[in-house]
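Okay, so here's the structure we're looking at.
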Amino acid sequence: MGIICPAVREEPSLHPLRSATPRRYLMCPPEHFGVTYTINPWMDPAKPVDVALAVAQWEDLRDRYRSLGHTVEELVPRHGLPDMVFAANGATVVDGRVLGARFAHREREAEAAVHLEWFRAHGFPSVREPVHINEGEGDFAVTASYLLAGRGFRASPLSHGEAQEFFGRPVLGLDLVDPRYYHLDTALAVLDDTTDEIMYYPPAFSPGSREVLRRLFPDALTAGDEDAAAFGLNGVSDGLHVLLPQAATGLFEPLRDRGFEPVGIDLSELLKGGGSVKCCTQELR
Ligand code: ARG
Numbered sequence: 046m047g048i049i050c051p052a053v054r055e056e057p058s059l060h061p062l063r064s065a066t067p068r069r070y071l072m073c074p075p076e077h078f079g080v081t082y083t084i085n086p087w088m089d090p091a092k093p094v095d096v097a098l099a100v101a102q103w104e105d106l107r108d109r110y111r112s113l114g115h116t117v118e119e120l121v122p123r124h125g126l127p128d129m130v131f132a133a134n135g136a137t138v139v140d141g142r143v144l145g146a147r148f149a150h151r152e153r154e155a156e157a158a159v160h161l162e163w164f165r166a167h168g169f170p171s172v173r174e175p176v177h178i179n180e181g182e183g184d185f186a187v188t189a190s191y192l193l194a195g196r197g198f199r200a201s202p203l204s205h206g207e208a209q210e211f212f213g214r215p216v217l218g219l220d221l222v223d224p225r226y227y228h229l230d231t232a233l234a235v236l237d238d239t240t241d242e243i244m245y246y247p248p249a250f251s252p253g254s255r256e257v258l259r260r261l262f263p264d265a266l267t268a269g270d271e272d273a274a275a276f277g278l279n280g281v282s283d284g285l286h287v288l289l290p291q292a293a294t295g296l297f298e299p300l301r302d303r304g305f306e307p308v309g310i311d312l313s314e315l316l317k318g319g320g321s322v323k324c325c326t327q328e329l330r
């Protein structure tokens, strides 16, 4: 009979038990990093860049991943490609299938082939050179149910259909409207890829896309202006640890309240190129 013993009845928890799963990341050291052109509002070629500091900050991020038990593969940087450090833009990998990138700006075009070459040399059996413009995980985010796909500044809306067909996952197009948040990963991060848990900055999206996000992710963590401007949404989660810019201080407590362990990272030099933690990190799923 249905006798319920109150002592063992489970209480709904405000602090769900989180667990990290080991990840494999592809990163590219910023040895040739620089701001020599302007393709987003953060880039100012007049501001000097300290390459040695950029390398040290990047190494700290890489070592942090390794100390958390993740695998980090390194892509050899090329001279003349100062944005290569933003490795997230080079491809999107889901279930071992690789959709390469096609960059919107001429200045970054040559990065796409370097990534394709790396995947072919590392035994990925299904590698597609895309027909339509997409900048890898800059505009594609993988949740349990969807491939969230940004558009408006970089990725062509046609790349969404291409990705859906290639991965066999439902693609959800989201319109970006603020040039400071030109890639989806500057305005939205996946916190738990087993349960569709995300955080995002609503003003970066069109009213319709905001409504879509509200409907599909009613429990999402939303960020305010200051944390968004500190690139707080450009974070990487392993299911437990959320690595994000340390300046995004307003996100730490809400993440802890949800049972995550925020890990603050200082990538101030790379911010001059308009990128941070997630931009430097391509996940090899
Ligand atoms: N300077 C680079 C660009 O504008 C930064 C890319 C940042 N990457 C990212 N995944 N949001 O293309």
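Residue numbers (this note's numbering): 46 to 330. Virtual Cβ for every residue (Gly too), placed ideally from N, Cα, C. Fair warning: this is a prediction, and the values are worked out from it, not measured in the lab.
Proximity test, residue i beta-carbon vs the ligand ARG heavy atom, cut-off 7 angstroms
i	result
Asp128	yes
Thr116	no
Arg153	yes
His77	no
Cys324	yes
Asn134	yes
Met244	no
Met72	no
Asp89	no
Phe250	no
Ile84	yes
Proximity to residue i [Cα-Cα], best of the options
i	options	result
Gly309	Ala232, Leu193, Leu300 and Leu289	Leu289
Val172	Arg199, Gly135 and His77	Gly135
Glu242	Ala155, Arg214, Cys73 and Leu233	Leu233
Val222	Ser251, Leu120 and Asp89	Ser251
Val139	Val216, Gly280, Phe262 and Val159	Val216
Trp163	Phe262, Cys324, Met72 and Thr267	Met72
Tyr246	Asn279, Asp237, Ala97 and Arg260	Asn279
Phe131	Ile178, His115, His77 and Tyr110	His77
Asn85	Val117, Leu266 and Pro224	Pro224
Ala101	Asp237, Ala200, Pro202 and Pro75	Pro75
Ala214	Leu296, Leu144, Pro90 and Thr326	Checking the sequence shown, residue 214 turns out to be Arg, not Ala. Looking at the Cα atoms, Leu144 is the closest of the given residues.
Pro263	Arg255, Glu298 and Gln327	Arg255
Residue i, enclosing alpha helix (DSSP H) - first and last residue
i	result
Phe164	Glu156 to Ala166
Arg123	From DSSP, Arg123 is part of no alpha helix (DSSP H); its letter is neither H nor E.
Leu105	This sequence places Asp at residue 105; Leu is not what is there. Element bounds for Asp105: Val96 to Ser112.
Ala249	Element bounds for Ala249: n/a, residue is neither H nor E.
Leu1	Since the first residue of the chain shown is 46 and the last is 330, residue 1 is not available in this structure.
Ala208	Leu203 to Phe212
Residue range of the unbroken beta strand (DSSP E) whose run includes residue i
i	result
His286	His286 to Pro290
Gly309	Glu306 to Ile310
Phe262	Here Phe262 belongs to no beta strand (DSSP E), and DSSP marks it neither H nor E.
Phe185	Phe185 to Val187
Leu219	Val216 to Asp220
Leu236	Leu233 to Asp237
Ala136	Ala136 to Val139
Burial state of residue i, where buried means 16 or more other Cβ atoms lie within 10 Å
i	result
Ser204	buried
Ser112	exposed
Tyr82	exposed
Arg68	buried
Glu156	buried
Pro57	For Pro57, the pLDDT reaches just 45, beneath the cut-off of 50, and the residue's location in the model is therefore unreliable, although a value from the coordinates is still provided. Looking at its Cβ environment, which holds fewer than 16 other Cβ atoms inside 10 Å, Pro57 is exposed.
Asp302	exposed
Glu314	buried
Thr239	exposed
Gly218	buried
Arg147	buried
Thr188	buried
Ala166	exposed
Thr66	exposed
For residue j and residue i, believed in contact at Cβ under 8 angstroms, the rounded distance
i	j	result
Ala186	Asp220	Incorrect: roughly 15 angstroms between the Cβ atoms, too far for contact.
Leu161	Glu174	6 angstroms
Leu329	Ser321	With a Cβ gap of about 20 angstroms, Leu329 and Ser321 do not count as contacting.
Leu285	Arg107	Not confirmed; about 19 angstroms, so no contact.
Cutoff 8 angstroms: residue i Cβ touching any chain B Cβ
i	result
Pro122	Absent here is chain B; the protein component of the structure consists of one chain.
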